[in-house]
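The opening residue of the sequence shown carries number 1 in our numbering; numbering runs sequentially from there. Okay, so here's the structure we're looking at.
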Amino acid sequence: MPTSWFKIALGNFFIAALLGLALRFAFIQEIPFFKFKNILHAHSHVAMLGWLYLGLFGLLFAHFVPNAAARQKFYTRLFWLTQVSVLGMLFSFPFQGYGPVAIAFSTLHIFCAYAFTRMIWGDLRGDVRFSTRLLRTSLFFMVLSTFGVWAMGPLTALGFKHTIWYHLAVQFFLHFQFNGWFIIAVLALFFRWVEQQQVVLPLPQLKWFYRLLISSTVLTFALAVAWSEPHPLVFAANSIGVGLQFATLGVFYRMLLPWWAQFKSKLPPVNYTLWRLAWFSFCIKVLVQTAVALPLVAEMAYTIRNYIIGFIHLIMLGILSFFILGMQWQQTARMDQQRKLGLIILSTGILLSECLLFLQGTLFWAGMGFIPGYYCLLFGASGLMPLGVLMLWMKVKV
């Protein structure tokens, strides 16, 4: 993607990491005038819509839009308008939460996403490659997820804000954003890169992979439903979904295993490591969700907050962020020392914070209390992330 776009997206990542660090510090020391929930909204929206969305926006433009140079003017305007919406959310959420200004900028972002979907869909006309099919699917899920957002206003107006229906609308948005739009867009980028290496994968396996992927994406929404409606049929739907997801992982691995050595030779070592970390995180995600097929584990998953936060960060940081960084720098033959150090610091912060979140969640489940100095340790681990991102941001030359 254009380096100016990448620097903006990475800057949003840095801001989101700083806000996350402030949220960690709030558990150690009281901060005057600090409204935790409002800062949490700012943190999550800048991370999702400022870093991940814009990072994918730039990569999809660079790798999928034919004759990108001729089309860059429109996409550039749309990129900056989307960034305006992110800045609007950044400066409005901390002061008013989900107030009129924040809602207006959130709505602007959705309309920008619709415009992006419309334009790139048209630019893909006539492209029948598998990666393009995945991209169209991810865009469909992105648009579908926004139905959850549109439902929130009427539900609030009708007095249903504190009911299961409002919760389901939020979970509908989050589930299909993460598991539909983000994850499948990353897979689309990966398969586009595979196609660029002149690798021809077996068509029957690609068809099975696609069917399993879509079926599991839809059915695993049942876990969010189980929080408010723990019916045996809901758990059964989730169990089938995670089983299909595990099968998806198996087909993916078997299909690509013969080509791993070739893939490794095509990527610089640092980029290969980033993609390995993303792959490892994806495997953990699938294994965790497979374990959730057991009702006891499912109950733990949606009732212990540490698990929820850890799982969301596993997707956002472990899978998506590592992949985006690796994809952007895949043409970089050599990494300078500052960039390598920044990646090491960022990766260490992610690993330590994930371990602390899941370990503390397990101790809560076992009734064993807190890790000594837990909040200070989590703050220290989280502090590595903005430092690492800042070092990466400083090395992006516009």
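Glycine residues also receive a C-beta, built at the ideal position from the N, C-alpha and C atoms.
#### Entry: contact_flag[the stretch 18 to 27, the stretch 103 to 112] where n(CB pairs < 8 Å) is 3 or more
Touching, no.
### Endpoints, the alpha helix (DSSP H) within which I399 is located
The chain is shown from 1 up to 398; residue 399 falls before or after that span and cannot be answered.
### Message
Ignoring anything shorter than 4 residues, give me the alpha helix (DSSP H) runs that lie fully in the stretch 175 to 256, in order along the chain.
### Response
As far as the stretch 175 to 256 is concerned, its whole alpha helix (DSSP H) runs of at least 4 residues are 183 to 196, 203 to 219, 222 to 228, 232 to 256.
### Task
Under 6 Å Cβ to Cβ from F13, same chain only, skipping five residues before and after it: list those, please.
The residue you call residue 13 lines up with position 13 of the sequence shown. Excluding its 5 nearest sequence neighbours in each direction, F13 has C-beta neighbours in its own chain below 6 Å: W51, V389, listed in chain order.
#### Entry: Same chain, Cβ closer than 6 Å to Y272, neighbours up to 5 away in sequence not counted
Numbered from 1 along the sequence shown, position 272 holds the residue referred to as residue 272. Cβ within range, chain order: K264.
### Task
Check E30 in the structure and name its three-state DSSP category.
Taking the sequence shown and counting its residues from 1, the one referred to as residue 30 is at position 30. For E30, the secondary structure class from DSSP, reduced to helix, strand or coil, is coil.
### Exposed unless 16 or more other CB atoms sit within 10 angstroms - verdict on G153
As a first step, residue 153 is located in the sequence shown; it is residue number 153 there, counting from the start. Taking all protein chains in view, the Cβ of G153 is surrounded by fewer than 16 other Cβ atoms within 10 Å, so the residue is classified as exposed.
### Q245 to L213 span [Cα, whole Å]
If you number the sequence shown from 1, residue 245 lands on position 245. If you number the sequence shown from 1, residue 213 lands on position 213. Just so you know, the alpha carbons of Q245 and L213 end up roughly 6 Å apart.
### Message
I need the straight-line Cα distance from M119 to Y375, nearest angstrom please.
### Response
As a first step, residue 119 must be located in the sequence shown, where it is residue number 119. As a first step, residue 375 must be located in the sequence shown, where it is residue number 375. Computed Cα separation, rounded: 45 Å.
### Query
Is there contact between the stretch 299 to 311 and the stretch 219 to 228, where contact requires at least three CB pairs shorter than 8 Å?
Cβ pair count under 8 Å is three or more, so yes.
### Query
If you draw a straight line from the C-alpha of G148 to the C-alpha of V86, how long is it?
Against the sequence shown, residue 148 aligns to sequence position 148. Against the sequence shown, residue 86 aligns to sequence position 86. Across the structure, G148 and V86 are spaced so that their CA atoms are roughly 19 Å apart.
### Backbone secondary structure at V396 - three-state DSSP
Taking the sequence shown and counting its residues from 1, the one referred to as residue 396 is at position 396. The answer is coil: DSSP assigns V396 none of H, G, I, E or B.
### Task
Just list the alpha helix (DSSP H) runs in the stretch 296 to 344, keeping only unbroken ones of 4 residues or longer that don't cross its boundaries, in chain order.
Qualifying alpha helix (DSSP H) stretches, in chain order: 305 to 313, 322 to 328.
### Query
So the alpha helix (DSSP H) I371 belongs to, where does it begin and stop?
Residue numbering aside, residue 371 sits at position 371 when the sequence shown is read from its first letter. It is not in any alpha helix (DSSP H) - I371 carries neither H nor E in the DSSP assignment.
### Query
If we count Cβ pairs, one from each stretch, closer than 8 Å, do we get three or more for the stretch 170 to 190 versus the stretch 214 to 222?
Short answer: they touch.
### Message
Let's see if you can read the secondary structure: which residues bound the alpha helix (DSSP H) around P258?
### Response
Counted from its first residue, the sequence shown places residue 258 at position 258. First-last for P258: undefined, no H or E at that position.
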